[in-house]
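Accompanying notes for the structure given below.
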Amino acid sequence: MSENRLKGLYVITDEDLINEDQFKHIIESALQGGASIIQYRDKSDDQEKRLHQARILRSLCEQYQTLCLINDDIELARAVGADGVHLGKEDASISQARAVLGTNAIIGISCYDDIPLALTAEKNNADYVAFGAIFSSRTKKDAKVAGLEILSRAEQQLSLPICAIGGITRDNVESVIESGADMVAVISSVFTAKDTRQSTKELNRHFLSLAD
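Encoded structure:
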């Protein structure tokens with residue numbers, strides 16, 4: 006997978022913030038606002054709903070030429086033909102994901118505030134690593150705050166694209182990019198806004214103005 010697609014605004018879904026009846030409309034609004042990557046994240050046990058929504062997301066991402074990733078679930082990613090998966094420390098290994106999804110799949114790894122974990126992920130051929138929470142997060146209130154410093158340290162030690170997550174808003178996104186993030190992941194900033202398309206567009210504008 007070419008690394009040049011692993012940059013920009015990275016939107017992550019949340020089953021608690023998106024009304025099921027409005028799922029397609031809300032996701033399309035985020036895509037219209039300029040999301041570069043969308044990760045489907047749903048921790049519920051409703052497999053039928055998850056498959057249905059993941060298929061909708063995959064179809065929309067194809068329409069807007071945007072990367073579609075699935076959180077944790079390798080089999081769901083395979084079932085809908087997603088571009089890849091994002092894995093946490095309790096999930097499957099990179100090699101297991103590669104065995105199921107193939108060598109061209111995008112595999113991202115959550116590294117929290119752990120540079121050695123990111124170096125191991127790089128050695129094991131991950132496509133990108135994610136650090137956070139960069140700031141206090143409304144979505145994961147118990148997440149340890151890693152701070153901006155983790156991004157500058159990671160940029161110095163890694164050759165992989167870096168994703169930042171946790172408490173990122175239009176008021177602090179510039180500092181995140183300037184600290185070394187190739188991708189900025191957002192949840193609440195997009196899905197709690199009155200206008201999903203506009204909030205995504207505003208975040209993306211900040212990113213594009215600094216990423217050049």
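Here the sequence shown is numbered in my numbering, starting from 6 and rising by one per residue.
We put the beta carbon where it would ideally sit given N, CA and C, even for glycine.
Host alpha helix (DSSP H) of residue 84 (start-end): Here residue 84 refers to the residue found at position 79 of the sequence shown. 79–85 is the span of the alpha helix (DSSP H), which, as asked, contains residue 84.
Contact the segment 112–132 vs the segment 87–104: 3+ CB pairs below 8 Å: Touching, yes.
Return helix, strand or coil for residue 49, following the three-state DSSP convention. Position 44 of the sequence shown, counted from the start, is the residue given in the question as residue 49. Coil at residue 49, not helix or strand.
Note down the Cα distance separating residue 63 from residue 133, rounded to an integer number of angstroms. For the purposes of this step, residue 63 is taken as the residue at position 58 of the sequence shown. For the purposes of this step, residue 133 is taken as the residue at position 128 of the sequence shown. Annotation: residue 63 to residue 133 spans about 20 Å, alpha carbon to alpha carbon.
Does the Cβ-Cβ distance between residue 59 and residue 205 come in under 8 Å? To locate residue 59, count along the sequence shown from 1; it is residue 54. To locate residue 205, count along the sequence shown from 1; it is residue 200. With contacts defined as CB atoms closer than 8 Å, residue 59 and residue 205 fail to qualify as a contacting pair.
Ordered along the chain, which non-local residues of its own chain (more than five positions away) have a Cβ less than 8 Å from that of residue 131? Taking the first residue of the sequence shown as position 1, residue 131 is located at position 126. Answer for residue 131: 99, 112, 113, 114 and 165, listed in chain order.
Could you please give the first and the last residue of the uninterrupted alpha helix (DSSP H) stretch that includes residue 156? Looking up residue 156 in the sequence shown gives position 151. First-last of the alpha helix (DSSP H) with residue 156: 154–162.
Cβ-based burial, residue 41 [other Cβ within 10 Å; buried from 16]: Indexing the sequence shown from 1 puts residue 41 at position 36. Buried, because 16 or more other Cβ atoms sit within 10 Å of the Cβ of residue 41.
With residue 74 as the anchor, note down where its beta strand (DSSP E) starts and where it stops. Start at 1 with the first residue of the sequence shown, and residue 74 comes out as number 69. 72–76 is the span of the beta strand (DSSP E), which, as asked, contains residue 74.
At what residues does the alpha helix (DSSP H) containing residue 102 begin and finish? Reading the sequence shown from its first residue, position 97 is the one you call residue 102. Note, residue 102: alpha helix (DSSP H), 99–106.
Per DSSP, what are the beta-bridge partners of residue 115 in this structure? As a first step, residue 115 must be located in the sequence shown, where it is residue number 110. Under the DSSP definition of a beta bridge, residue 115 partners with 135.
For residue 169, does the three-state DSSP call read helix, strand or coil? Residue mapping note: residue 169 aligns to position 164 of the sequence shown, counting from 1. Correct three-state label for residue 169: strand.
One question on the structure: do residue 39 and residue 209 come within less than 8 Å of each other, judged by their Cβ atoms? By one-based count along the sequence shown, residue 39 stands at place 34. By one-based count along the sequence shown, residue 209 stands at place 204. Yes; because the gap between Cβ atoms is below 8 Å, this pair is in contact.
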